[in-house]
Amino acid sequence: MINEIKKSAEQKMQKTQEAFKNDLAKVRTGRAHTGILDHVMVDYYGSDVPVNQVANVTLIDARTIGVQPWEKPMLAKIEKAIRDCDLGLNPASMGEIIRVPMPMLTEERRKDLIKVVRGEAEGARVAVRNIRRDSNNEFKNLLKDKTITEDDERRGQDEIQKLTDKYIAEVDKMLAAKEADLLAV
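The opening residue of the sequence shown carries number 1365 in the working numbering; numbering runs sequentially from there.
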């Protein structure tokens, strides 16, 4: 019973960490990477689909993303979708390819992005702590039902606390790496 609760908590914490990692990938730095456009949605015959499902997204160089639509009529729609998303990008079409240059980040913009990243990290920490709270409540309910002993409950809570510390340290490490990446000129 204790191992099941521990395994469940660890899986949930792992998912929280993965979600945080994905959120960090969306916060752009000065360098280009194709993952930036993953959440940009394009109107494709009446339904919204990610840009990478209607076009080939590649890196042209370190500061430029290339988007080549599979269908010529999609060129204008993709360009508009990239311009309208909240990333502050200004795409330019050149023939059959859309070039998306990554603008340099100003010091003020970097500080704003660091605030956003710290907020995401705090959200991840809170989620991990909530998982700990839920697991500890499960242990208390098992103790109340006399399914486990007080020693087992204490041992289980200690193991959950160790997991919590491990995943919060992991979130902090990822945050520090992203902050360093944002501050790098």
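Glycine is no exception: its CB is placed at the ideal position from the N, C-alpha and C atoms.
Note that this is a predicted model, so its numbers are computed, not measured.
Exercise. DSSP on Gly1483, reduced to helix/strand/coil?
Worked result: For the purposes of this step, residue 1483 is taken as the residue at position 119 of the sequence shown. Of the three classes helix, strand and coil, the one that applies to Gly1483 here is helix, per DSSP.
Exercise. Can you find a CB in chain B that lies within less than 8 Å of the CB of Ala1488?
Worked result: Of the chains in the structure shown, none is chain B; there is only one protein chain.
For this session: Using DSSP bridges, identify the partner residues of Asn1420.
Result: By 1-based counting over the sequence shown, the position of residue 1420 is 56. Bridge partners of Asn1420: Gln1432.
Exercise. From Ala1491 to Ile1524, what distance separates their C-alpha atoms?
Worked result: The residue given as residue 1491 occupies position 127 in the sequence shown. The residue given as residue 1524 occupies position 160 in the sequence shown. Spanning the two alpha carbons is a distance of roughly 14 Å.
Problem set entry | Cβ-Cβ distance between Leu1439 and Ser1457 below 8 Å | On the sequence shown, residue 1439 is found 75 positions in, with the first residue counted as 1. On the sequence shown, residue 1457 is found 93 positions in, with the first residue counted as 1. In this structure, Ser1457 lies closer than 8 Å to Leu1439 by Cβ.
For this session: Along the beta strand (DSSP E) that carries Arg1427, what are the first and last residues, could you check?
Result: The count along the sequence shown starts at 1 and reaches residue 1427 at position 63. Here Arg1427 belongs to no beta strand (DSSP E), and DSSP marks it neither H nor E.
Exercise. Ala1426: which of Arg1463, Lys1526, Lys1385 sits nearest, CA to CA?
Worked result: For this step, residue 1426 is matched to residue 62 along the sequence shown. Nearest of Arg1463, Lys1526, Lys1385 to Ala1426, Cα basis: Arg1463.
Problem set entry | Neighbourhood of Leu1527 by C-beta distance below 8 Å, restricted to the same chain and skipping five residues each side | Numbered from its first residue, the sequence shown carries residue 1527 at position 163. So the qualifying residues of the chain are Lys1370, Ala1373, Glu1374, Met1377, Arg1496.
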